[in-house]
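A short worksheet on the structure shown next.
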Amino acid sequence: MAQDDKPQGGTQDGEAEKAADAKELHRTVREAGDAELDRPSGALFWSGLAAGIAIHSSLIAEGALHAGLPDAPWRDLVASLGYPVGFLVVILGRMQLFTESTITAMLPLVTRPSGWALRRTVRLWAIVLVANLIGTALAAGMVAGGALGNAEIRAAMVEVSARILELGGWQTFINAIPAGFLIAMIAWILPNGRNQAFWIILAITYVIAVAGFSHSIVGADETFLLLFTGRVDVGHALFGLLIPAILGNLVGGAGLFTLLAHGQVQGETGE
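In this text, residue positions in the sequence shown follow my numbering: the first is 1393, and each later residue adds one.
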(Lines of atoms letter the chains of each structure in order from A and count residues from 1; the text may use other names and numbers.)
(Lines give C-alpha, C1' and ligand atoms only; values in the text may rest on other atoms or scores of the structure.)
Protein backbone atom coordinates (compact mmCIF):
# COMPACT_ATOMS: atom_id res chain seq x y z
CA MET A 1 0.00 0.00 0.00
CA ALA A 2 2.92 2.34 0.75
CA GLN A 3 4.17 1.97 -2.81
CA ASP A 4 0.73 2.74 -4.21
CA ASP A 5 0.36 5.79 -1.98
CA LYS A 6 3.59 7.40 -3.16
CA PRO A 7 2.75 7.67 -6.88
CA GLN A 8 -0.75 8.86 -6.00
CA GLY A 9 0.66 11.66 -3.84
CA GLY A 10 3.08 12.57 -6.61
CA THR A 11 0.20 12.78 -9.08
CA GLN A 12 -1.78 15.04 -6.79
CA ASP A 13 1.25 17.28 -6.29
CA GLY A 14 1.76 17.44 -10.05
CA GLU A 15 -1.86 18.39 -10.59
CA ALA A 16 -1.61 21.11 -7.94
CA GLU A 17 1.51 22.48 -9.64
CA LYS A 18 -0.21 22.38 -13.00
CA ALA A 19 -3.24 24.22 -11.60
CA ALA A 20 -0.96 27.04 -10.44
CA ASP A 21 1.00 27.22 -13.69
CA ALA A 22 0.88 30.61 -15.43
CA LYS A 23 0.40 28.99 -18.85
CA GLU A 24 -2.65 27.12 -17.63
CA LEU A 25 -4.09 30.26 -16.07
CA HIS A 26 -3.48 32.13 -19.32
CA ARG A 27 -5.24 29.43 -21.31
CA THR A 28 -8.20 29.25 -18.94
CA VAL A 29 -8.77 33.01 -18.83
CA ARG A 30 -8.24 33.31 -22.59
CA GLU A 31 -10.80 30.59 -23.31
CA ALA A 32 -13.27 32.34 -21.01
CA GLY A 33 -12.62 35.51 -23.00
CA ASP A 34 -13.23 33.71 -26.29
CA ALA A 35 -16.57 32.45 -24.94
CA GLU A 36 -17.57 35.99 -23.90
CA LEU A 37 -16.54 37.44 -27.25
CA ASP A 38 -18.73 34.89 -29.05
CA ARG A 39 -21.85 35.62 -26.97
CA PRO A 40 -24.80 37.24 -28.80
CA SER A 41 -25.20 40.99 -28.37
CA GLY A 42 -28.55 40.59 -26.63
CA ALA A 43 -27.13 38.20 -24.05
CA LEU A 44 -24.22 40.54 -23.34
CA PHE A 45 -26.54 43.52 -22.97
CA TRP A 46 -29.00 41.90 -20.56
CA SER A 47 -26.19 40.41 -18.49
CA GLY A 48 -24.47 43.81 -18.39
CA LEU A 49 -27.72 45.52 -17.43
CA ALA A 50 -28.23 43.07 -14.58
CA ALA A 51 -24.65 43.70 -13.43
CA GLY A 52 -25.18 47.47 -13.47
CA ILE A 53 -28.26 47.16 -11.29
CA ALA A 54 -26.71 44.52 -9.00
CA ILE A 55 -23.52 46.51 -8.39
CA HIS A 56 -25.75 49.11 -6.74
CA SER A 57 -25.94 46.78 -3.75
CA SER A 58 -22.41 47.96 -2.91
CA LEU A 59 -23.63 51.51 -2.44
CA ILE A 60 -26.72 50.35 -0.54
CA ALA A 61 -24.59 48.30 1.86
CA GLU A 62 -22.08 51.12 2.34
CA GLY A 63 -24.87 53.61 2.93
CA ALA A 64 -26.61 51.38 5.46
CA LEU A 65 -23.39 50.79 7.40
CA HIS A 66 -22.46 54.48 7.23
CA ALA A 67 -25.89 55.49 8.56
CA GLY A 68 -25.74 52.99 11.43
CA LEU A 69 -22.24 53.78 12.64
CA PRO A 70 -21.17 56.61 14.93
CA ASP A 71 -19.09 59.46 13.53
CA ALA A 72 -15.70 58.02 14.48
CA PRO A 73 -12.27 57.80 12.80
CA TRP A 74 -12.85 54.11 12.00
CA ARG A 75 -16.28 54.66 10.47
CA ASP A 76 -15.14 54.54 6.83
CA LEU A 77 -13.04 51.42 7.41
CA VAL A 78 -16.09 49.52 8.65
CA ALA A 79 -18.55 51.04 6.18
CA SER A 80 -16.23 50.00 3.35
CA LEU A 81 -17.06 46.37 4.18
CA GLY A 82 -20.26 47.04 2.23
CA TYR A 83 -18.31 47.82 -0.96
CA PRO A 84 -17.54 44.17 -1.88
CA VAL A 85 -21.22 43.16 -1.73
CA GLY A 86 -22.04 44.21 -5.28
CA PHE A 87 -18.92 42.57 -6.67
CA LEU A 88 -19.73 39.31 -4.89
CA VAL A 89 -23.23 39.33 -6.41
CA VAL A 90 -22.03 40.24 -9.90
CA ILE A 91 -18.93 38.03 -10.17
CA LEU A 92 -20.33 34.94 -8.43
CA GLY A 93 -23.55 35.46 -10.39
CA ARG A 94 -21.56 35.39 -13.66
CA MET A 95 -22.87 38.76 -14.83
CA GLN A 96 -20.98 40.90 -17.33
CA LEU A 97 -19.01 43.64 -15.61
CA PHE A 98 -16.98 46.02 -17.77
CA THR A 99 -13.86 46.04 -15.62
CA GLU A 100 -13.73 42.28 -15.19
CA SER A 101 -14.01 41.80 -18.96
CA THR A 102 -10.96 43.95 -19.66
CA ILE A 103 -8.43 41.15 -19.21
CA THR A 104 -10.65 38.28 -20.40
CA ALA A 105 -11.40 40.10 -23.64
CA MET A 106 -7.84 41.32 -24.13
CA LEU A 107 -6.01 38.00 -23.79
CA PRO A 108 -7.50 36.55 -27.01
CA LEU A 109 -6.59 39.80 -28.79
CA VAL A 110 -2.96 39.97 -27.62
CA THR A 111 -2.50 36.23 -28.21
CA ARG A 112 -3.84 36.29 -31.78
CA PRO A 113 -3.81 39.94 -32.91
CA SER A 114 -6.05 40.76 -35.86
CA GLY A 115 -8.55 43.35 -36.98
CA TRP A 116 -11.32 40.80 -36.47
CA ALA A 117 -10.24 40.16 -32.87
CA LEU A 118 -10.01 43.91 -32.22
CA ARG A 119 -13.55 44.47 -33.52
CA ARG A 120 -14.88 41.65 -31.34
CA THR A 121 -13.16 43.12 -28.29
CA VAL A 122 -14.44 46.65 -28.90
CA ARG A 123 -17.95 45.26 -29.50
CA LEU A 124 -17.91 43.43 -26.16
CA TRP A 125 -16.63 46.44 -24.23
CA ALA A 126 -19.10 48.83 -25.85
CA ILE A 127 -22.15 46.65 -25.20
CA VAL A 128 -21.20 45.76 -21.63
CA LEU A 129 -20.16 49.31 -20.71
CA VAL A 130 -23.38 50.85 -22.05
CA ALA A 131 -25.47 48.18 -20.33
CA ASN A 132 -23.60 48.65 -17.03
CA LEU A 133 -24.11 52.42 -17.20
CA ILE A 134 -27.82 52.08 -17.95
CA GLY A 135 -28.20 49.68 -15.03
CA THR A 136 -26.41 52.00 -12.60
CA ALA A 137 -28.44 54.97 -13.85
CA LEU A 138 -31.71 53.08 -13.28
CA ALA A 139 -30.69 52.03 -9.77
CA ALA A 140 -29.42 55.50 -8.83
CA GLY A 141 -32.58 57.06 -10.23
CA MET A 142 -34.74 54.88 -8.00
CA VAL A 143 -32.76 55.97 -4.95
CA ALA A 144 -32.84 59.64 -5.92
CA GLY A 145 -36.59 59.35 -6.51
CA GLY A 146 -37.18 57.87 -3.06
CA ALA A 147 -38.17 54.41 -4.30
CA LEU A 148 -35.31 52.57 -2.55
CA GLY A 149 -34.28 52.77 1.09
CA ASN A 150 -35.44 55.08 3.85
CA ALA A 151 -34.52 58.75 4.05
CA GLU A 152 -31.61 58.16 6.43
CA ILE A 153 -29.97 55.52 4.23
CA ARG A 154 -30.55 57.56 1.08
CA ALA A 155 -28.84 60.56 2.68
CA ALA A 156 -25.95 58.31 3.76
CA MET A 157 -25.61 56.95 0.21
CA VAL A 158 -25.34 60.49 -1.13
CA GLU A 159 -22.75 61.31 1.54
CA VAL A 160 -20.72 58.20 0.68
CA SER A 161 -20.95 59.02 -3.04
CA ALA A 162 -19.81 62.61 -2.49
CA ARG A 163 -16.31 61.39 -1.65
CA ILE A 164 -15.57 61.06 -5.37
CA LEU A 165 -15.95 64.85 -5.68
CA GLU A 166 -12.70 65.28 -3.74
CA LEU A 167 -10.77 64.24 -6.86
CA GLY A 168 -10.32 66.15 -10.08
CA GLY A 169 -10.51 64.49 -13.49
CA TRP A 170 -6.78 63.73 -13.70
CA GLN A 171 -6.70 62.38 -10.13
CA THR A 172 -9.71 60.18 -10.89
CA PHE A 173 -7.91 58.79 -13.94
CA ILE A 174 -4.77 58.00 -11.92
CA ASN A 175 -6.81 56.49 -9.07
CA ALA A 176 -8.70 54.30 -11.55
CA ILE A 177 -5.54 52.59 -12.84
CA PRO A 178 -4.91 50.46 -9.72
CA ALA A 179 -8.63 49.68 -9.49
CA GLY A 180 -8.60 48.31 -13.05
CA PHE A 181 -5.44 46.36 -12.27
CA LEU A 182 -6.92 44.81 -9.11
CA ILE A 183 -10.23 43.83 -10.73
CA ALA A 184 -8.34 42.22 -13.62
CA MET A 185 -6.33 40.36 -10.97
CA ILE A 186 -9.56 38.84 -9.64
CA ALA A 187 -10.35 37.41 -13.09
CA TRP A 188 -6.80 36.04 -13.28
CA ILE A 189 -6.79 34.46 -9.80
CA LEU A 190 -10.28 32.92 -9.69
CA PRO A 191 -9.58 29.88 -11.94
CA ASN A 192 -7.02 28.79 -9.33
CA GLY A 193 -9.14 29.71 -6.32
CA ARG A 194 -12.75 28.80 -6.99
CA ASN A 195 -13.14 27.39 -3.50
CA GLN A 196 -11.87 30.67 -2.05
CA ALA A 197 -13.71 32.92 -4.52
CA PHE A 198 -15.71 34.68 -1.81
CA TRP A 199 -12.61 35.68 0.15
CA ILE A 200 -10.60 36.64 -2.95
CA ILE A 201 -13.32 39.01 -4.15
CA LEU A 202 -13.92 40.35 -0.64
CA ALA A 203 -10.25 41.05 0.07
CA ILE A 204 -9.37 42.70 -3.25
CA THR A 205 -12.48 44.88 -3.53
CA TYR A 206 -12.16 45.93 0.11
CA VAL A 207 -8.65 47.18 -0.69
CA ILE A 208 -10.10 49.20 -3.57
CA ALA A 209 -12.66 50.74 -1.21
CA VAL A 210 -10.38 51.64 1.70
CA ALA A 211 -7.66 52.94 -0.62
CA GLY A 212 -10.15 55.21 -2.38
CA PHE A 213 -9.38 53.85 -5.84
CA SER A 214 -11.84 54.77 -8.61
CA HIS A 215 -13.93 51.98 -10.12
CA SER A 216 -15.79 53.07 -13.24
CA ILE A 217 -19.05 51.18 -12.66
CA VAL A 218 -19.40 51.72 -8.91
CA GLY A 219 -18.25 55.27 -9.60
CA ALA A 220 -20.93 55.58 -12.28
CA ASP A 221 -23.54 54.54 -9.72
CA GLU A 222 -22.27 57.23 -7.35
CA THR A 223 -22.01 59.79 -10.15
CA PHE A 224 -25.58 59.24 -11.32
CA LEU A 225 -26.85 59.52 -7.74
CA LEU A 226 -25.02 62.83 -7.32
CA LEU A 227 -26.29 64.00 -10.70
CA PHE A 228 -29.91 63.11 -9.98
CA THR A 229 -29.76 64.78 -6.56
CA GLY A 230 -28.30 67.99 -7.99
CA ARG A 231 -24.81 67.66 -6.50
CA VAL A 232 -23.02 67.74 -9.89
CA ASP A 233 -23.90 68.92 -13.38
CA VAL A 234 -23.80 66.83 -16.55
CA GLY A 235 -20.45 68.18 -17.71
CA HIS A 236 -18.68 67.40 -14.45
CA ALA A 237 -20.34 64.00 -14.24
CA LEU A 238 -19.23 63.06 -17.74
CA PHE A 239 -15.79 64.62 -18.10
CA GLY A 240 -14.68 64.88 -14.48
CA LEU A 241 -15.90 61.54 -13.16
CA LEU A 242 -17.17 58.95 -15.65
CA ILE A 243 -14.74 59.18 -18.57
CA PRO A 244 -11.55 59.49 -16.46
CA ALA A 245 -12.54 56.44 -14.38
CA ILE A 246 -13.36 54.36 -17.48
CA LEU A 247 -10.08 55.26 -19.17
CA GLY A 248 -8.06 54.63 -16.00
CA ASN A 249 -9.64 51.21 -15.50
CA LEU A 250 -8.82 50.33 -19.11
CA VAL A 251 -5.19 51.36 -18.66
CA GLY A 252 -4.88 49.35 -15.44
CA GLY A 253 -6.79 46.25 -16.53
CA ALA A 254 -6.71 45.94 -20.31
CA GLY A 255 -3.30 47.62 -20.52
CA LEU A 256 -0.94 47.10 -17.62
CA PHE A 257 -2.22 43.87 -16.07
CA THR A 258 -2.99 42.15 -19.38
CA LEU A 259 0.44 42.93 -20.81
CA LEU A 260 2.15 41.64 -17.66
CA ALA A 261 -0.02 38.51 -17.52
CA HIS A 262 0.57 37.77 -21.21
CA GLY A 263 4.22 38.75 -21.13
CA GLN A 264 5.12 36.15 -18.52
CA VAL A 265 4.02 33.33 -20.85
CA GLN A 266 4.83 34.90 -24.20
CA GLY A 267 6.48 32.33 -26.43
CA GLU A 268 5.23 29.47 -24.26
CA THR A 269 1.54 29.37 -25.17
CA GLY A 270 1.99 27.60 -28.50
CA GLU A 271 0.00 30.37 -30.20
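Glycine is no exception: its CB is placed at the ideal position from the N, C-alpha and C atoms.
In terms of residue numbering, what span does the alpha helix (DSSP H) encompassing tyrosine 1598 cover?
1589-1603
Relative to the C-alpha of isoleucine 1445, which residue among Met1549, Ala1523 and Gly1507 is closest?
Ala1523
What are the boundary residues of the alpha helix (DSSP H) that includes histidine 1448?
1448-1460
In whole angstroms, what separates the C-alpha of leucine 1441 from that of serine 1608?
15 Å
Three-way DSSP call (helix, strand, coil) for glycine 1537 in this model:
coil
Give me the Cβ distance between valine 1550 and glycine 1541, rounded to the nearest whole Å; I'm assuming they're in contact under 8 Å.
In fact, because the Cβ distance is near 11 Å, the residues do not count as touching under 8 Å.
Start and end of the alpha helix (DSSP H) containing glycine 1561?
1561-1581
Rounded to whole angstroms, what is the Cα-Cα separation between histidine 1418 and arginine 1467?
39 Å
Give the secondary structure of leucine 1489 by DSSP, where H, G and I count as helix, E and B as strand, and everything else as coil.
coil
In the DSSP assignment, the alpha helix (DSSP H) including isoleucine 1483 goes from what residue to what residue?
1476-1484
Between the Cα of glycine 1645 and those of Ala1595, Ala1571, Trp1517 and Phe1616, spot the shortest distance and give me the residue it belongs to.
Ala1571
Which residues in the same chain have their Cβ closer than 8 Å to the Cβ of isoleucine 1556, if we skip the five residues on either side of it in sequence?
Thr1564, Ser1606, Gly1611, Glu1614, Thr1615, Leu1618 and Leu1633
Alpha carbon to alpha carbon, how far is valine 1514 from serine 1521? Give it in angstroms, no decimals.
As written in the sequence, residue 1521 is leucine, which differs from the serine given in the question. Those two C-alpha atoms are separated by around 10 Å.
Coarse secondary structure for asparagine 1524, derived from DSSP in three states
helix
From Gly1537, Ile1566 and Ile1495, residue whose alpha carbon lies closest to that of alanine 1637
Ile1566
Rounded C-beta distance between glutamate 1428 and threonine 1496? I'm assuming under 8 Å.
6 Å
Buried or exposed: which applies to tryptophan 1562, given that a residue is buried once 16 or more other Cβ atoms fall within 10 Å of its Cβ?
exposed
Is it buried or exposed, proline 1476, if we count other Cβ atoms within 10 angstroms and call 16 or more buried?
buried
Do you know how far the Cα of isoleucine 1581 is from the Cα of leucine 1652?
14 Å
Rounded to a whole number of angstroms, what is the C-alpha to C-alpha distance between alanine 1554 and arginine 1623?
8 Å
Could you check what DSSP says for glycine 1611 in three-state terms: helix, strand or coil?
helix
Best match in Ile1526, Ser1506 and Thr1494 for proximity to tryptophan 1438 [C-alpha to C-alpha]:
Ile1526
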